[in-house]
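Q: So in the numbering used here, the last spot in the sequence shown is 589, and the numbers never skip. Glycine included, C-beta positions come from ideal geometry on N, C-alpha and C.
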Amino acid sequence: MAKAKLASWNRAKGFGFLSLNSESKQLFVHISSFVDKKLDPEKLVGHWLNCTLAKDKQGRLCAKQLRLVGSKPAFSNKPNGLAKRAGIPALAFFVLLLSLVLLQKLPLALLVFYVVMSVVTFALYALDKSAAQAGRWRVQELKLHVFALIGGWPGAMFAQQTLRHKTQKQSFRWGYYCTVLLNIVALAYLLSPNGEPTLLDINQALSRLLP
379 MAKAKLASWN RAKGFGFLSL NSESKQLFVH ISSFVDKKLD PEKLVGHWLN
429 CTLAKDKQGR LCAKQLRLVG SKPAFSNKPN GLAKRAGIPA LAFFVLLLSL
479 VLLQKLPLAL LVFYVVMSVV TFALYALDKS AAQAGRWRVQ ELKLHVFALI
529 GGWPGAMFAQ QTLRHKTQKQ SFRWGYYCTV LLNIVALAYL LSPNGEPTLL
579 DINQALSRLL P
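Right, dumping it as structure tokens:
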């Protein structure tokens with residue numbers, strides 16, 4: 379266990395740098411490294427923190443398991459409440475899609491497409507978080523929004539809370555909410571009489587793409 383001072387914090391990118399007691403060298407720290415997820419790192423600049431020193435995938439020294447000096451360690455392997463709640467709307471959406479498929483109001487290919495896009499989007503979030511922690515090139519936010527817009531928003535919702543990633547930047551959050559709304563509006567149109575011809579065209583295209 380080491381003691382370090384939070385020297386700087388970039389709210390937009392979700393990371394900052396720590397200064398150790400006896401060293402001028404600064405350590406990279408990602409927001410996911412804070413034990414207490416309710417803390418606002420930007421307000422902790424200049425404060426002393428306890429941390430565990432570790433190395434990233436490139437072998438560089440970084441800080442993990444950060445907590446305020448004097449706070450009690452809290453160890454838990456249970457999913458947090460936010461993660462549990464994040465899965466409810468996503469699961470409800472897939473139950474709705476499955477019901478529509480069983481009622482023959484929605485092609486099975488479109489349900490499969492939503493599942494595939496959600497898995498891919500979750501993977502992109504995981505890749506972006508890993509890149510942020512390692513200081514590598516990040517996944518563009520526009521790409522995350524595009525994948526959410528075309529059907530991956532349930533996977534994005536689950537990733538944001540289970541991975542604790544992309545939950546601080548308000549502009550990104552609003553952009554994400556817009557992709558969810560637009561996708562649901564588009565789906566509602568496809569299920570309407572006016573959208574039925576377009577839905578048939580999409581089904582034919584997906585049937586050729588999916589095995």
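Who are arginine 445's beta bridge partners in DSSP?
A: On the sequence shown, position 67 is the one that residue 445 refers to. Beta-bridge pairing links arginine 445 to Asn428.
Q: Take the Cβ of tyrosine 503 as the centre, count every other Cβ of all protein chains shown within 10 Å, and call the residue buried at 16 or more, exposed below.
A: Taking the first residue of the sequence shown as position 1, residue 503 is located at position 125. Buried is the call here.
Q: I'd like the list of long-range same chain contacts for tryptophan 387, defined as Cβ closer than 6 Å, with 5 residues on each side in sequence excluded.
A: Position 9 of the sequence shown, counted from the first residue, corresponds to residue 387. Result list for tryptophan 387: Gly394, Pro419, Glu420 and Val423, in chain order.
Q: Let me check one thing: in DSSP terms, what residues is tryptophan 387 bridge-paired to?
A: Here residue 387 refers to the residue found at position 9 of the sequence shown. Partner(s): Gly394.
Q: Does the count of Cβ pairs from the stretch 397-417 and the stretch 432-451 closer than 8 Å reach three?
A: yes
Q: Compute the Euclidean distance between the alpha carbons of alanine 385 and proline 532, then round it to the nearest angstrom.
A: Mapped onto the sequence shown, residue 385 falls at position 7. Mapped onto the sequence shown, residue 532 falls at position 154. In a straight line, the C-alpha of alanine 385 is about 36 Å away from that of proline 532.
Q: For histidine 408, list the residues DSSP reports as bridge partners.
A: Position 30 of the sequence shown, counted from the start, is the residue given in the question as residue 408. BP columns for histidine 408 point to Phe393.
Q: Rounded to whole angstroms, how far is the Cβ of alanine 526 from the Cβ of tyrosine 554, which I believe are closer than 8 Å?
A: For the purposes of this step, residue 526 is taken as the residue at position 148 of the sequence shown. For the purposes of this step, residue 554 is taken as the residue at position 176 of the sequence shown. Confirmed, Cβ separation roughly 6 Å.
Q: Could you tell me whether the stretch 567-581 touches the stretch 482-494, where touching means 3 or more Cβ pairs closer than 8 Å?
A: yes
Q: To the nearest angstrom, how far is it from the Cα of leucine 472 to the Cα of alanine 509?
A: If you number the sequence shown from 1, residue 472 lands on position 94. If you number the sequence shown from 1, residue 509 lands on position 131. Sequence inspection shows phenylalanine at residue 472; the leucine mentioned does not correspond to that position. Spanning the two alpha carbons is a distance of roughly 30 Å.
Q: For the putative contact between leucine 474 and leucine 489, defined by C-beta atoms under 8 Å, what is the C-beta separation to the nearest angstrom?
A: To locate residue 474, count along the sequence shown from 1; it is residue 96. To locate residue 489, count along the sequence shown from 1; it is residue 111. Incorrect: roughly 10 Å between the Cβ atoms, too far for contact.
Q: Using DSSP with H/G/I as helix, E/B as strand and the rest coil, what is leucine 439?
A: Translated into positions along the sequence shown, residue 439 becomes position 61. DSSP places leucine 439 in strand when its eight states are reduced to three.
Q: By DSSP's criteria, alanine 382 is part of a beta bridge. Which residues make up the other side?
A: Translated into positions along the sequence shown, residue 382 becomes position 4. Answer is Leu398 and Leu427, bridged to alanine 382.
Q: Name, in chain order, the residues that DSSP records as bridge partners for lysine 433.
A: Numbered from 1 along the sequence shown, position 55 holds the residue referred to as residue 433. Bridge partners of lysine 433: Leu439.
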